[in-house]
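Read the sequence shown against my numbering and you will find it ends at 657, with the numbers running on by one and no gaps.
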Amino acid sequence: MAKTDKSWEKRLGGWPDELAVDFVESLSIDTRLYKYDIVGSIAHAQMLAEQKLITKDELKLIKDGLFQISEEIAAGRFEFCKEYEDIHMAIEAALIAKVGEAGKKLHTGRSRNDQVATDIRLWMRDEIEVLQAKITLLQKTFVKLAGKYAEDVMPGYTHLQRAQPIVIACYLLSFVEQLERDFVRLKNCRELLDVSPLGCGAVAGSTLALDRKSTAKQLGFADISYNSIDAVSDRDFCAEFIFDCALIATHLSRLAEDWIIYSSSEFGFVRIDDAYCTSSSMMPQKRNPDMLELIRAKTGRVYGSLMAMLTILKGQPSGYNRDLQEDKVHVFASSDTIESCLDVARGIAAHTKFNTKKISAGLEQDFLDATALAEYLVGKGVAFREGHGIVGSLVAYCEEDGRKLSELSLDEFKRRCGQIEADVYDNLGAASVAERYATKGAAGTRQAKEQVAYWTGELGRR
Ligand code: ARG
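Here's what the structure looks like:
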């Protein structure tokens, strides 16, 4: 880079301190925006030509130059020089070097402030689509797995204590629901960010006759922003995007935690495929669920980015501040992390097997049918609170000699509650309870089939 190349060398004396050059540069982070920067520049130049601020010939030179630069960057032939600070100045300088005077007109009516705000929105629009596609693939994987276990019952937990019987498919579909909200949250985020800041300049817009609607339309934005100060100052959409990533991480960490527990010998509910396990350098017998543990741990990175992003925004005065340059590192880190977590989670889910034999062998332990028995009593005219007490004492009675509720005689039942009849036995046992769930959205056999069918159809259309 020649010492006269920098766009403001006539204003600032001398050459910047070497440490300052390293400190202020963002090229190492924002190079990945290059396509969006070039697309934005082409739209801007096109508009400048429409508005007769540059000639058609100049437009052609600019476009050709930008296409060449794009190819050079893609092919790894572009020489990045950190003195240019960021991708915007690196591309502009390269353009001027290529096409001369015409290149010097590209920045007419533009600032890096509206430029970067535009680039990051363009990037995020695409990235949201990538994340949504990965979410959908993971949902489909869960639905497929759920289809295999639409009749198998497992214990449902509260406080990680055995609570009530649930169908395995419903358990799996609970993740489809969580991911669906993640999908919609990203859709909402995309809608809010879909306005073009281009033409807002440094902070106040421009005295030139820029046609902001033209650039917005070329770039596929739904609208333009209507306040130049806000448009260059805020990155609320970045915080929102990272928050959406953070919730995906939260949901995946729940899955990871479940399956780490379920794959332990103590549970033995699922088998994580060898392809997603590691072993131990010391203990030859080990099969460790490291991928799940890392999914769980990577949540920390995303939460950290969210806190960082919010802190970067806090207390900044109105207008653009260089603080905002720090947004990208966190936005990119979050999306990269979530992309890989979604991919790995999908791989794991596609190959995980539920050990239904082991699960059903333990299903009649710990009175999973107790709540259903209390509800049976409601059907016989007993007030729920009273029925709850009766079943509580029946459970305590069973525990004395290690029996199950279904092993009590009708006589023993009747001694505690006269309304109990022989049909009580149809209401006991985990499998029959799962078949008797009557409410919409319950974790029962009937609902499992309905919901697998619903999600198969719904996701099939995506
Ligand atoms: N690299 C900067 C960023 O990411 C671009 C905008 C710089 N603007 C300025 N006035 N210094 O925010």
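Just so it is clear, CB atoms sit at the ideal spot from N, CA and C, and this is done for glycine as well. Everything numeric in this text was worked out from a predicted model, so none of it was measured.
Counting only residues of its own chain and dropping the five nearest sequence neighbours on each side, Y231 has a CB closer than 6 Å to the CB of D314, L317, W318. Relative to the Cα of S601, the nearest Cα in the group F562, K635, G576 belongs to F562. Under the 8 Å Cβ criterion, the segment 503-515 does not count as touching the segment 410-419, having fewer than three qualifying pairs. Remark: three or more beta-carbon pairs, one from each stretch, lie closer than 8 Å, so the segment 435-442 and the segment 491-500 are flagged as touching. Selection L572, M477, F579, G351 evaluated against A364 yields G351 as nearest (Cα-Cα). Proximity of the beta carbon of E280 to ligand 1 is indicated: a heavy atom of the ligand is located closer than 8 Å. The segment 278-288 makes contact with the segment 208-226; the number of CB pairs closer than 8 Å reaches 3 or more.
Leaving aside the five residues that flank Y498 on each side, the residues in its chain whose CB is nearer than 8 Å to its CB run, in chain order, A441, A444. Taking C-beta separations shorter than 7 Å and ignoring five residues to either side along the sequence, the partners of T651 in its chain run V338, following chain order. The beta carbon of R407 sits closer than 6 Å to those of G394, I419, all from its chain and outside the five residues before and after it, given in chain order.
Counted as a single uninterrupted DSSP element, the alpha helix (DSSP H) harbouring M319 occupies residues 307-343. Taking 8 Å as the cut-off, the C-beta of K523 counts as close to a heavy atom of ligand 1.
DSSP lists V465 as the beta-bridge partner residues of F549.
Note that the segment 395-404 touches the segment 303-312; at least 3 beta-carbon pairs, one per stretch, sit closer than 8 Å. E386 and Q614 have their C-alpha atoms spaced approximately 58 Å apart. Looking at the backbone, the Cα of C593 and that of Q356 are separated by about 18 Å. Under a 10 Å Cβ-count criterion, R610 is classified as exposed, with fewer than 16 other Cβ atoms of the shown protein chains found around its own Cβ. Taking the Cα positions, A567 is about 14 Å away from G576. Take L243, set aside five residues on each side of it, and the residues of its chain with a beta-carbon closer than 6 Å to its own are I249, T303, in chain order. The three-state reading of DSSP puts D347 in coil, since its state is none of H, G, I, E or B. By the 16-neighbour rule on beta-carbons within 10 angstroms, G396 is buried. Note on M486: 16 or more other CB atoms within 10 angstroms of its CB, so buried under the neighbour-count rule. For A540, the closest of E435, G295, D468, L228 by C-alpha to C-alpha distance is D468. In this structure N422 is exposed. Its beta-carbon is surrounded by fewer than 16 other beta-carbon atoms within 10 angstroms.
Of the heavy atoms belonging to ligand 1, at least one sits nearer than 8 Å to the Cβ of H283.
For S306, the Cβ falls inside the 8 Å cut-off from some heavy atom of ligand 1.
For V398, no beta strand (DSSP E) run applies, since DSSP gives it neither H nor E.
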